[in-house]
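Positions in the sequence shown are counted from 1; adding 15 to them yields the numbering used here.
To start, the structure itself, in structure tokens.
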Amino acid sequence: ITRSDFAKNPVTYFINRLTRLFNHNGMYVYSVPSTFPTVFAAKASRIVDDDTSDKNILRNLIEKFEDRMVVMRASDTDRLDRPTASLQVLSFLKQKNGYDVFVNSPDGGILVLNSPKLPFWRAYGDDVLLDIAPVNLIQMAIRVTPGMEKIKFRYDRPTIMKLLGDKAASPN
Numbered sequence: 016i017t018r019s020d021f022a023k024n025p026v027t028y029f030i031n032r033l034t035r036l037f038n039h040n041g042m043y044v045y046s047v048p049s050t051f052p053t054v055f056a057a058k059a060s061r062i063v064d065d066d067t068s069d070k071n072i073l074r075n076l077i078e079k080f081e082d083r084m085v086v087m088r089a090s091d092t093d094r095l096d097r098p099t100a101s102l103q104v105l106s107f108l109k110q111k112n113g114y115d116v117f118v119n120s121p122d123g124g125i126l127v128l129n130s131p132k133l134p135f136w137r138a139y140g141d142d143v144l145l146d147i148a149p150v151n152l153i154q155m156a157i158r159v160t161p162g163m164e165k166i167k168f169r170y171d172r173p174t175i176m177k178l179l180g181d182k183a184a185s186p187n
């Protein structure tokens, strides 16, 4: 029974919903033929004006899509490099609070993490703090310098206890 059936017969609809709390019927597993990787080297880029709406950025992605492309606002270009064909992701490991990414970067480039840029994300390239820029509306990217080998993405949201501990340790 569907939600549109609710208008026709609400009692049957609610009985069906209650019954499904205890009898789930079959489980469905969906397969997606081509998912976007967790982390990837950008191969193309497009720069849009800072005042470009999210809707127009999305239109740009759909109409002018290239494989492994990033669309970035003009103000973020100073934080990123140009995409290069030579940047390769060798492997990545999921960590408790992020990812370790191993790359081959003879010419540098742009590395994209398939996660939104949030304030608590940090990125380190060979243990040096890197700037993170938002790309493609829902992803974040960093500049990879030539020769860089290991990039760490860490989500470090402070806990209440940590904040209270910092306040307690503070002389003010």
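Beta carbons: idealized from backbone N, C-alpha and C, even for Gly.
As the structure is a computational prediction, the values presented were derived from the model and not from experiment.
(request) Buried or exposed for N151, please, with buried defined as at least 16 other CB atoms from any protein chain shown within 10 angstroms of its CB. (result) buried
(message) I'd like to know if the region 153-171 and the region 119-131 are in contact, where contact means that at least 3 CB-CB pairs between them fall below 8 Å.
(response) For the pair of segments examined, the region 153-171 was found to touch the region 119-131: the number of CB pairs separated by less than 8 Å reaches three.
(message) Quick check: the Cα distance between I157 and N71, rounded to an integer number of angstroms?
(response) 23 Å
(request) Decide if L95 is buried, meaning its Cβ has at least 16 other Cβ atoms within 10 Å, or exposed. (result) L95 comes out buried.
(request) Apply the 10 Å Cβ neighbour rule to S185 and answer buried if 16 or more other Cβ atoms are within range, or exposed otherwise. (result) Here the model assigns S185 a pLDDT of 47, short of 50, so the residue's position is not dependable, and the following value carries that caveat. Sixteen is the threshold: since fewer than 16 other Cβ atoms of the shown chains lie within 10 Å of the Cβ of S185, the residue is exposed.
(message) What does the Cβ neighbour count give for L178, buried or exposed, with the cut at 16 atoms within 10 Å?
(response) exposed
(message) Rounding to the nearest angstrom, what Cα-Cα distance links N24 and R35 in this structure?
(response) Straight through space, the alpha carbons of R35 and N24 are spaced by roughly 17 Å.
(request) Check whether the Cβ atoms of M87 and P161 lie closer than 9 Å to each other. (result) no
(request) Look at the alpha carbon of D66 and the alpha carbon of L33, and state the distance between them as a whole number of angstroms. (result) The alpha-carbon atoms of D66 and L33 are separated by roughly 49 Å.
(request) Please name the residue or residues paired with K167 in a DSSP beta bridge. (result) D115, Y139
(request) Please classify L144: is it buried, with 16 or more other beta-carbons within 10 angstroms of its beta-carbon, or exposed? (result) exposed
(message) Quick check: W136 and F168, are their CB atoms within less than 9 Å of each other?
(response) yes
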